[in-house]
Amino acid sequence: MEENMTINSFQGEHEFLSNEYPCRIYMGGYTFGSVEHALHASKTLSVDERMEVRGCTSIEEVRKLSEKLTLRHDWDQVRNESLRRFLSQKFFGNEDLKKKLLATGEVPITGETENEQLLGSMLMEIRNNLRKNN
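For the sequence shown, the tail end lands on 129 under this note's numbering, and the numbers increase by one without skipping.
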């Protein structure tokens, strides 16, 4: 990677960094198809609603269904920790994705929106933790 480079998009060669990228995420004894699926499912405490999210075949379907979920009372308090936990699973649990994240070296991972900036910050934290555990 180039020394002055910044990753500020989760598309193209960096699509694997996106929450939408297909991977296995485990929550509550079930497997979800991406971080995005698991994150939206964790918005509710209803097992039935979580299973509906789990069955979605597209991210658009996940987001549309998410608008109708019974939002858990503590969502604002647990949202970021849930995202961190799912991202850790994604990269610690998948050797190919782990190698790709580590291959980004020390390049800053940012984004254009507040959510993308949070994601970038968490990804850099996970990258550092991966390095320590290798």
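Ideal placement from N, C-alpha and C gives every residue a C-beta, glycine not left out.
Can we say the stretch 43 to 54 touches the stretch 79 to 97, given the rule of at least three CB pairs closer than 8 Å?
The stretch 43 to 54 vs the stretch 79 to 97: no contact.
Within a Cβ cutoff of 6 Å, which residues of the same chain sit near residue 70, ignoring the five residues on either side of it in sequence?
Residue numbering aside, residue 70 sits at position 75 when the sequence shown is read from its first letter. The residues are 38.
C-beta atoms of residue 104 and residue 118 nearer than 8 Å
Locating residue 104 in the sequence shown gives position 109, counting from the first residue. Locating residue 118 in the sequence shown gives position 123, counting from the first residue. Closer than 8 Å, so yes.
Between which two residues does the alpha helix (DSSP H) containing residue 86 stretch?
Looking up residue 86 in the sequence shown gives position 91. 70 to 87 is the span of the alpha helix (DSSP H), which, as asked, contains residue 86.
Per DSSP, residue 26 is paired with what?
Counting from one through the sequence shown, the residue named residue 26 turns up at place 31. As a beta-bridge residue in DSSP terms, residue 26 pairs with 21.
Can you tell me which of the three DSSP states residue -4 falls into?
Working through the sequence shown from its first residue, we reach residue -4 at position 1. Residue placement at residue -4 is flagged as unreliable, the pLDDT there being 48, under the threshold of 50; a coordinate-derived value is accordingly withheld.
Would you give the residue range spanned by the alpha helix (DSSP H) that residue 59 belongs to?
Taking the sequence shown and counting its residues from 1, one reaches residue 59 at position 64. Per DSSP, residue 59 belongs to the alpha helix (DSSP H) from 54 to 61.
Could you pull out every unbroken alpha helix (DSSP H) segment of at least 4 residues lying fully inside the stretch 90 to 123, listed in chain order?
90 to 97
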